[in-house]
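Protein sequence lines correspond, in order, to chains V and W.
Numbering follows our numbering, with no gaps: position 74 of the first sequence is 74.
Numbering follows our numbering, with no gaps: position 52 of the second sequence is 52.
Remarks on the structure that follows.
Number of protein chains: 2
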Amino acid sequence: MKVQSINLEEKFSKFSTHWTPKIIGELNGQYLKLAKVKNDFVWHSHAHEDELFFVVKGTLIMEYRDQPTTRTGPGEILIIPKGVEHLPRTEDEEVWLMLCEPKTTKHTGAVEHEKTVKNLEWI
Amino acid sequence: MKVQSINLEEKFSKFSTHWTPKIIGELNGQYLKLAKVKNDFVWHSHAHEDELFFVVKGTLIMEYRDQPTTRTGPGEILIIPKGVEHLPRTEDEEVWLMLCEPKTTKHTGAVEHEKTVKNLEWI
Numbered sequence: 001m002k003v004q005s006i007n008l009e010e011k012f013s014k015f016s017t018h019w020t021p022k023i024i025g026e027l028n029g030q031y032l033k034l035a036k037v038k039n040d041f042v043w044h045s046h047a048h049e050d051e052l053f054f055v056v057k058g059t060l061i062m063e064y065r066d067q068p069t070t071r072t073g074p075g076e077i078l079i080i081p082k083g084v085e086h087l088p089r090t091e092d093e094e095v096w097l098m099l100c101e102p103k104t105t106k107h108t109g110a111v112e113h114e115k116t117v118k119n120l121e122w123i
Numbered sequence: 001m002k003v004q005s006i007n008l009e010e011k012f013s014k015f016s017t018h019w020t021p022k023i024i025g026e027l028n029g030q031y032l033k034l035a036k037v038k039n040d041f042v043w044h045s046h047a048h049e050d051e052l053f054f055v056v057k058g059t060l061i062m063e064y065r066d067q068p069t070t071r072t073g074p075g076e077i078l079i080i081p082k083g084v085e086h087l088p089r090t091e092d093e094e095v096w097l098m099l100c101e102p103k104t105t106k107h108t109g110a111v112e113h114e115k116t117v118k119n120l121e122w123i
């Protein structure tokens with residue numbers, strides 16, 4: 001297996017749809033994914049999995065049931081512990097994210113929603 | 001537990017020693033770490049753990065026993081699969097890295113070396 005650098009800009013250029021994470025790598029039972037997001041996602045939580053968001057472009061706004069909203073900008077990271085209900089959203093801009101979470105994680109958690117992507121694609 | 005953004009620049013400003021990874025977060029049994037590196041590290045591999053390198057500044061050079069050297073720049077990622085022997089190094093510049101690997105991972109793998117850090121510090 002050949003080890004190669006993965007260039008984020010080049011991978012981001014390969015897709016444009018919002019809220020449809022694409023896989024760019026795997027390690028230790030987890031997928032490394034990229035997503036472009038805009039406007040509201042859906043309230044959800046992951047019972048058994050922590051979720052990492054690394055913001056590449058724009059500002060990720062995250063709402064919670066029982067703590068103040070957070071705003072995460074480029075070069076910043078947000079880790080949502082398992083069980084914490086959250087609503088990712090943005091203002092009127094496209095936000096680019098890198099995500100790291102177990103392969104078993106559905107991006108809408110236990111919630112089945114029209115935004116749930118069933119088959120993740122490698123790019 | 002309060003969820004808060006983690007700012008990489010701010011965390012990098014908290015330490016200056018080379019080859020001594022600092023913990024900035026944890027998820028799914030792994031630590032998210034930052035490291036400043038310069039010049040050669042040591043040949044090593046991790047029998048059971050894949051290792052992620054995200055380059056924030058500079059160019060990470062990685063040598064392997066049986067494939068060509070890779071060069072990974074800012075905004076690029078390198079995933080070293082378990083079992084692959086590797087030697088991280090840099091040219092004459094300081095390189096800033098974000099790492100993600102299981103909590104059990106020693107950064108020198110099975111190799112005990114003067115550069116092995118035994119007690120990782122949270123920053």
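Every residue gets a Cβ at the ideal spot worked out from N, C-alpha and C, and that includes glycine.
Would G109(V) pass as an interface residue toward chain W - the criterion being a Cβ-Cβ separation below 8 Å?
Taking Cβ atoms only, chain W never reaches closer than 8 Å to G109(V), which makes this a no.
In its own chain, which residues sit with a C-beta less than 6 Å from the C-beta of T20(V), not counting the 5 before and 5 after it?
Excluding sequence neighbours, T20(V) sits near V117.
Is the shortest distance between the beta-carbon of P88(W) and the beta-carbons of chain V less than 8 Å?
Output row for P88(W): interface = no.
Are the Cβ atoms of I123(W) and K11(W) separated by less than 8 Å?
The answer is yes: Cβ separation under 8 Å.
Whose C-beta lies closer than 8 Å to the C-beta of F86(V) among residues of the same chain, with five residues either side of it excluded?
A quick correction: the sequence has His, not Phe, at residue 86(V). Here the set comprises W43, H44, S45, M62, E63, Y64 and I80.
Mind pulling the chain V residues with CB within less than 7 Å of G72(W)?
Gly is not the amino acid found at residue 72(W); the sequence shown has Thr there. Going along chain V in sequence order, the residues near T72(W) (Cβ under 7 Å) are S5.
Whole angstroms is fine: what's the gap from T70(W)'s alpha carbon to P88(W)'s?
Going from the Cα of T70(W) to the Cα of P88(W) covers about 10 Å.
What is the rounded straight-line gap between the Cα of K82(W) and the Cα of D92(V)?
Taking the straight line from one Cα to the other gives about 42 Å.
Determine the direct distance from the alpha carbon of K115(W) to that of T105(W), and round the result to whole angstroms.
Cα to Cα, T105(W) sits roughly 14 Å from K115(W).
Looking at the strands, I want to know which residues DSSP matches up with Q30(W).
Per DSSP, L27(W) and P102(W).
Please name the residue, chosen from G73(V), N28(V) and Y31(V), that lies closest to L60(V) on a Cα-to-Cα basis.
Considering only alpha carbons, the answer is G73(V).
If you count every other CB in all the chains shown that lies within 10 Å of the CB of E94(W), and 16 or more means buried, which is it?
E94(W) is exposed by the Cβ-count criterion.
Quick one: what's got a C-beta closer than 8 Å to K22(W)'s C-beta in the same chain, skipping five residues either side?
For K22(W), where only same-chain residues beyond five positions count, the Cβ hits under 8 Å are K11, K14, F15, K33, L34, A35, L120, E121, W122 and I123.
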